[in-house]
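Take this note's numbering: the final residue in the sequence shown is number 295, and no numbers are missing along the way. We treat Cβ as the ideally placed atom computed from N, Cα and C, and that holds for glycine.
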Amino acid sequence: MTMSQQPPSRRDARPPASRFSAMFRRTTPAAWLGFAIVVLYGLIALFAPLIAPYGEAQVVSSVPFAPWSQSFLFGTDQLGRDVFSRMIYAARNTIAISLAATVLTFAVGTTLGIVSAVAGGIVDMVISRIVDAVMALPQLIVILVLLSVVGSSVVSLIVIIGIADATNVFRLSRSVAMNVAVMDFVEDARVRGESLTWIVFHEVLPNILSTLVAEFGMRFCFVVLTISALSFLGLGIQPPTADWGSMVRENATLISYGDVTPLLPAAAIAVLAIGVNFVVDWFLHYASGLRDDQ
């Protein structure tokens, strides 16, 4: 029997409408702001071709670094491309690649972490030592070396970052899964002869899901920052594909002339990270409140 199958508390017995009402009552102004930011970024990413006034790589001006104007809201870059349009397309590219890499990170890290905690013994020791060996190396340097070897394609970015960052998720999922794996309902499942896969996905995973969901938001922010840093160094998303990190590098010259244009992509990254963190903080407080009510 999982925790979710135990006798329901008074709060659990409420109808779904009451639970949703309670959830919204716990929503703080910061959480609403976070939700608004995340939804706004999501809409921009989904409808980038409809929102952007110009194409992603379209040269629209013969004047490089043209100033802000009605035609070019944030001016143009070193090739005469519209900075505003490229920032919109960069939202689509950065968010999509970061989301894919984060999903891969959790698919690998969570699966290995829970299996390691539930199986124990030699399985746990082997997996943990391999992860320890990988974590002993500086993560950013490992990513840089691998990208320089295999190339900076979108697929290689997702796979390399996803697997490299999975070690952190492994540690978290193993830690929380070990607390659940020793509980009576997991022992009952073993006695019944349930398979390891069944125990992992039916007994352990549902009871650590809230922790993993909160960590997903934090890891997503970390991946966005990592991809932007790699693009700034020239090993991330490659031109002419728009990316916030590469846009900072391409327009960095303007800083010398007092132009804040290079700071706009950096601000876009910061605002997204703040919004996600607001949502994660709200989710943690909400999940904690549910446990207290029970």
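DSSP three-state call for residue i: helix, strand or coil?
{"i": "residue 28", "result": "coil"}
{"i": "residue 187", "result": "helix"}
{"i": "residue 61", "result": "coil"}
{"i": "residue 254", "result": "helix"}
{"i": "residue 227", "result": "helix"}
{"i": "residue 77", "result": "strand"}
{"i": "residue 43", "result": "helix"}
{"i": "residue 237", "result": "coil"}
{"i": "residue 266", "result": "helix"}
{"i": "residue 283", "result": "helix"}
{"i": "residue 277", "result": "helix"}
{"i": "residue 246", "result": "helix"}
{"i": "residue 134", "result": "helix"}
{"i": "residue 220", "result": "helix"}
Between which two residues does the alpha helix (DSSP H) containing residue i stretch?
{"i": "residue 1", "result": "Lying before the first or after the last residue shown, residue 1 is absent from the chain, which here runs from 2 to 295."}
{"i": "residue 94", "result": "84-120"}
{"i": "residue 69", "result": "Residue 69 -> no alpha helix (DSSP H), and no H or E assigned at all."}
{"i": "residue 50", "result": "49-52"}
{"i": "residue 149", "result": "140-151"}
{"i": "residue 198", "result": "197-200"}
Evaluate residue i with the Cβ neighbour count: other Cβ atoms within 10 Å of its Cβ, from every protein chain shown; 16 or more gives buried, anything less gives exposed.
{"i": "residue 199", "result": "exposed"}
{"i": "residue 185", "result": "exposed"}
{"i": "residue 88", "result": "buried"}
{"i": "residue 252", "result": "buried"}
{"i": "residue 90", "result": "buried"}
{"i": "residue 258", "result": "exposed"}
{"i": "residue 188", "result": "exposed"}
{"i": "residue 273", "result": "buried"}
{"i": "residue 48", "result": "exposed"}
{"i": "residue 132", "result": "buried"}
{"i": "residue 268", "result": "exposed"}
{"i": "residue 220", "result": "buried"}
{"i": "residue 194", "result": "exposed"}
{"i": "residue 127", "result": "exposed"}
Return the residue from the list the options that minimises the CA-CA distance to residue i.
{"i": "residue 58", "options": "48, 248, 286", "result": "248"}
{"i": "residue 118", "options": "195, 272, 176, 210", "result": "176"}
{"i": "residue 260", "options": "69, 56, 87", "result": "69"}
{"i": "residue 227", "options": "95, 129, 29", "result": "95"}
{"i": "residue 113", "options": "65, 154, 283, 166", "result": "166"}
{"i": "residue 137", "options": "218, 275, 169", "result": "169"}
{"i": "residue 180", "options": "164, 208, 197, 195", "result": "208"}
{"i": "residue 210", "options": "31, 174, 157, 38", "result": "174"}
{"i": "residue 111", "options": "216, 281, 244, 283", "result": "216"}
{"i": "residue 109", "options": "162, 32, 277", "result": "162"}
Below 6 Å, is the gap between the Cβ of residue i and the nearest heavy atom of the ligand GDP?
{"i": "residue 48", "result": "Because no ligand of any kind appears in the structure shown, any question about the ligand GDP cannot be addressed here."}
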